[in-house]
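**Q** My numbering puts the sequence shown at residues 74 to 274.
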Amino acid sequence: IKGRSEAQSLINSGNGAERTHVRADFQKKYSYFPSLEKPVIGAVNGHAVGLGFILSLYCDLRFASEAARFGTAFARRGLIAEYGLAWLLPRLIGPANALDMLFSARLVDAAEAYHMGLVNRVVPQDHFVQSVRAYASELAANVSPRSMRIMKSQVYNAMFQTLGEAFEASEQEMLLSLQCDDFREGVAHFVEKRAPAFTGK
């Protein structure tokens, strides 16, 4: 994505060969993408199967073209749900849907993936990349980088917190936000009816 660097997208074009092995640096307690301060958008325009499927789940958002297909493959290879898949997939689509995908290893099309909550949007294939880039550019142009950074951290941290802990953490973050340049700019551009000029500070 060209332009402001605060928003980036990762585009996974499918149709690649099924992967059964990865480099050792993928084998971490938590994957790399959730630890990034910037939003990561997975754009699936083909088959995301096996490790490609897992990689897409670690993206913050997932866009699919009408040609996208998703599958686990592991049960049909005599394998198990690896790299945190058994933890992450039920949290995205619920235990029953997760077990269906894991047990059957069937391919799920884009429409069903959207219905499950596996993907955020399904986009026609003929303008798929342009649509994903337009979304990322919209974030870069109109949203506070600091807000996105903190919100991403809040969402992932909340998976390991009680409601009370998440509430308390949000109160502290709100107090800090009220002192930041991006808050002042957020109010100013709204009042002045102009495009924002966020700095991420």
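Quick reminder that beta carbons are idealized off the backbone N, C-alpha and C, glycines included.
For clarity, every value in this text was computed on a predicted model and none was experimentally measured.
(1) Just to confirm, are E139 and Q198 a CB contact at a threshold of 8 Å?
(2) Using 10 angstroms around the beta-carbon of R219, count the other beta-carbons present and answer buried if the total reaches 16, otherwise exposed.
(3) What three-state label does DSSP hand R149 in the structure shown?
(4) Relative to the alpha-carbon of G273, which residue among V205, G259 and N193 has its alpha-carbon at the smallest distance?
(5) Along the chain, where does the beta strand (DSSP E) containing H188 start, and where does it finish?
(6) Kindly indicate which three-state DSSP category G157 falls into: helix, strand or coil?
(7) Could you have a look at G119 and say whether DSSP puts it in helix, strand or coil?
(8) Tell me where the beta strand (DSSP E) around L180 begins and ends.
(9) May I ask which residues mark the beginning and end of the beta strand (DSSP E) holding G144?
(10) According to DSSP, what are the bridge partners of S138?
(11) Beta carbon of V117, beta carbon of D133: below 8 Å?
(12) DSSP beta-bridge partners for I127?
(13) What residue does the alpha helix (DSSP H) around S217 start on, and which one ends it?
**A** The structure says:
(1) Position 66 of the sequence shown, counting from 1, holds the residue named residue 139. Position 125 of the sequence shown, counting from 1, holds the residue named residue 198. In this structure, the beta-carbon distance from E139 to Q198 falls below 8 Å.
(2) Position 146 of the sequence shown, counted from the first residue, corresponds to residue 219. Its Cβ being crowded by 16 or more others within 10 Å, R219 is buried.
(3) For the purposes of this step, residue 149 is taken as residue 76 along the sequence shown, with counting starting at 1. It is helical.
(4) Taking the sequence shown and counting its residues from 1, the one referred to as residue 273 is at position 200. Answer by Cα proximity: G259.
(5) For the purposes of this step, residue 188 is identified with residue 115 of the sequence shown, where counting begins at 1. Under the DSSP assignment, H188 falls outside any beta strand (DSSP E), being part of the alpha helix (DSSP H) whose first and last residues are A183 to M189.
(6) Residue mapping note: residue 157 aligns to position 84 of the sequence shown, counting from 1. Note: G157 maps to coil in three-state DSSP.
(7) Here residue 119 is taken as the residue at index 46 of the sequence shown, counted from 1. Coil at G119, not helix or strand.
(8) Position 107 of the sequence shown, counted from the first residue, corresponds to residue 180. Neither: L180 is in no beta strand (DSSP E) and is coded neither H nor E.
(9) Working through the sequence shown from its first residue, we reach residue 144 at position 71. For G144, the uninterrupted beta strand (DSSP E) segment begins and ends at R142 to G144.
(10) Position 65 of the sequence shown, counting from 1, holds the residue named residue 138. Looking at the DSSP assignment, S138 forms a beta bridge with V196.
(11) The residue given as residue 117 occupies position 44 in the sequence shown. The residue given as residue 133 occupies position 60 in the sequence shown. Contact: no.
(12) As a first step, residue 127 must be located in the sequence shown, where it is residue number 54. According to DSSP, which records beta bridges pairwise, I127 is partnered with nothing at all.
(13) For the purposes of this step, residue 217 is taken as the residue at position 144 of the sequence shown. First-last for S217: undefined, no H or E at that position.
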